[in-house]
Amino acid sequence: MRATTKKWLAHGAEFTFFLVFAGFGLLLGNEIKQDWAANKVLVWPPSFFMGWAGAGLAYGLSRVLAGRFGREEARSVLSAPAFIERYRKMLAAAIQELVETLQQRKAIQELDSFEKTLLKAMANTIRYFRSASILPNPEVTCNLMEAVEPSPEHENNPWLEPSGFGQLLGVLKIEKSSREDLDVPANLALPIYKTDGHLRNKNLFGAPKAYITRENQIINFSLWLLPHKGNSSWPVFKRAYRHFWEIKATCLSFAALPVIYSGKSVAVVNVHYKWFRILGKNPEILIDFLVPFLLILGQVRGARELEAR
Amino acid sequence: MKEATVAQVYGPSTFEKSVREFADFVESKTSSGPASSLLLSVVCSLGGIAAGYALLQVFLGLVHW
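Protein chains in written order, with this note's numbering: chain A, 3 to 311; chain B, -12 to 52.
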């Protein structure tokens, strides 16, 4: 049986036993309590308590199985021969282009084109994976965010912590996108704070935190941000809520993946789409397929730095 | 005058071509995927409700046996 069918059957069983478990509790609560008080735990014919507890156990088991089949599905989607063949071809071509880039010191315009194609490759890989495991089929957008020097125009940045301008290490701005039409505000400028300043722990979740910690940031539902608040002040956090509410038609979840070159962050790739869980329930499986592109992107950023000197 | 893109000047690179080919592959997969998944989820949901109701009835029958 296909992993997808097994996953959906397990979800169906999960739903069934949830209904039975909740139905028992709501309709026969008094009888269940009486059975428990009379110690009718393992009797025949079965007591109400047994039915209720059995449904609860079956619900838990179905949930565990659905998770396991979900992982199996993710692995089977990402190991399908047709996908692997095309992915390998794409990666081999990217490595070849990287080698040429490093050997020939290409012009900035060519590096721009290479970076944009890398973003498209990542967006397509994520879209392939997600469309195989969810019902909607939303477009995936990959944006490359680059840290720029703070300038006086950033003094009134709405994302800035109170009196945070003097503590700025830089500002992350969208530089490129995998799509022609940018579906998030183009003037987005997210502050990142100096690692030795008093605001070092106030970096906002998402891209700023990914840039500073060099760890992936995954936000599975961008309208429920409380678990990601961290040490951000309430005005900034409310601003984040307002921002994601305004762009809810295009972004419901996102991930920020740091681009690292020579051990330090040089940019962040922000991926979003208009559904939950951008990288799925088991993101580590998909991230393994994105890391090669992030590494190549890091090398291209390095080549760009050399070119700029 | 509008600046020409790299692809316009040099033609698309091998990498760009392979990404386009991959995009076509993803598009062909996604055009058929959601319909079958939707059908499967509807069947599982309706089946879940029916099975839940049947299980409850079987159990109540056993209790009043």
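Ideal placement from N, C-alpha and C gives every residue a C-beta, glycine not left out. Computed from a prediction, not measured in an experiment: that's the story for all the values here.
Chain-order list of residues whose beta-carbon lies under 6 Å from that of residue i (same chain, five-residue window excluded)
i, result
"A/F2", "Given that chain A is displayed from residue 3 to residue 311, the structure contains no residue 2 of chain A and the question cannot be resolved."
"A/F50", "L30, E33, I34, D37"
"A/L67", "A12"
"A/P138", "W277"
"A/R73", "N284"
Residue i versus the options, residue with shortest Cα-Cα distance
i, options, result
"A/A15", "A/A57, A/R4, A/A39", "A/A57"
"A/L192", "A/P164, A/N159, A/Q219", "A/N159"
"A/T7", "A/R70, A/A24, A/G53, A/R90", "A/R70"
"B/I36", "A/I249, A/G25, A/A68", "A/G25"
"B/P(-1)", "A/S115, A/H245, A/A55", "A/S115"
"A/G199", "A/F207, A/P187, A/I214, A/A209", "A/I214"
"A/Y263", "A/F295, A/Q98, A/R88, A/A40", "A/F295"
"A/A125", "A/S179, A/P152, A/Y195", "A/S179"
"A/T127", "A/P154, A/Y195, A/I289, A/F23", "A/I289"
"A/G300", "A/F17, A/G265, A/N218", "A/G265"
"B/R7", "A/K204, A/M92, A/R77", "A/M92"
"A/V261", "A/R65, A/E182, A/A149, A/S81", "A/A149"
Backbone secondary structure at residue i - three-state DSSP
i, result
"A/S133", "helix"
"A/K266", "strand"
"A/I172", "Reading off the sequence shown, one finds Gly at residue 172 of chain A, where the question assumed Ile. It is a strand residue."
"A/E87", "helix"
"A/W256", "Going by the sequence as given, residue 256 of chain A is Phe instead of Trp. In this structure, A/F256 counts as strand in the three-state DSSP scheme."
"A/V142", "coil"
"A/N284", "coil"
"B/M(-12)", "With a pLDDT of 42 at B/M(-12), under the threshold of 50, the modelled position of this residue cannot be trusted; read the value that follows with caution. It is coil, neither helix nor strand."
"A/H200", "coil"
"A/S179", "strand"
"A/N126", "helix"
Chain B contact for residue i (CB, 9 Å cutoff)
i, result
"A/H274", "no"
"A/L137", "yes"
"A/Q98", "yes"
"A/W10", "yes"
"A/N126", "yes"
"A/R181", "no"
"A/F85", "yes"
"A/G14", "yes"
"A/A89", "Residue identity differs from the one stated: residue 89 of chain A is Tyr in this sequence, not Ala. It does; some Cβ of chain B falls within 9 Å."
"A/A123", "yes"
"A/F278", "no"
"A/F291", "no"
"A/Y130", "yes"
"A/T2", "There is no way to answer for residue 2 of chain A, as the model of chain A reaches only from 3 to 311."
"A/T119", "yes"
"A/F223", "no"
Contact set for residue i: own chain, Cβ-Cβ below 7 Å, skip 5 residues either direction
i, result
"A/F278", "N222, F223, L254, S255"
"A/I136", "W277"
"A/D185", "T143, T252"
"A/E151", "G172"
"A/M147", "L174, K175, I176, E177, A209, A269, V270, N272"
"A/A134", "V79"
Neighbourhood of residue i by C-beta, 8 Å cutoff - its chain only, sequence neighbours within 5 removed
i, result
"A/H156", "L162, F167, L170, V173, A191, P193"
"B/M(-12)", "Reliability of the predicted coordinates at B/M(-12) is poor, the pLDDT of 42 falling under 50, and the value obtained from them is presented with this limitation in mind. None."
Closer than 9 Å to chain A by CB, residue i
i, result
"B/M(-12)", "Reliability of the predicted coordinates at B/M(-12) is poor, the pLDDT of 42 falling under 50, and the value obtained from them is presented with this limitation in mind. It does not: the Cβ of B/M(-12) has no partner Cβ on chain A nearer than 9 Å."
Test: residue i CB closer than 9 Å to a CB of chain E
i, result
"A/P294", "In the displayed structure, chain E is absent; the protein chains listed are A and B."
Near the ligand MN: residue i beta-carbon under 8 Å from a heavy atom
i, result
"A/I262", "Here there are no bound small molecules, and the ligand MN is not part of this structure."
* Can you give me, in chain order, the residues of the stretch 21 to 39 of chain A that have a beta carbon less than 7 Å from any beta carbon in chain B? => L21, V22, G25
* To do: Could you list the residues in the stretch 91 to 115 of chain A with a C-beta less than 7 Å from some C-beta on chain B, going in chain order?
  => K91, M92, A95, A96, Q98, E99, Q111, E112, S115
* To do: Note down, in chain order, all residues in the stretch 133 to 163 of chain A with a beta-carbon under 9 Å from any beta-carbon belonging to chain B.
  => S133, A134, S135, I136, L137, P138, N139
* Asked: What residues in the stretch 50 to 72 of chain A have a beta carbon less than 8 Å from any beta carbon of chain B?
  -> F50, G53, A57
* Contact list for the stretch 242 to 263 of chain A against chain B, Cβ threshold 7 Å -> none
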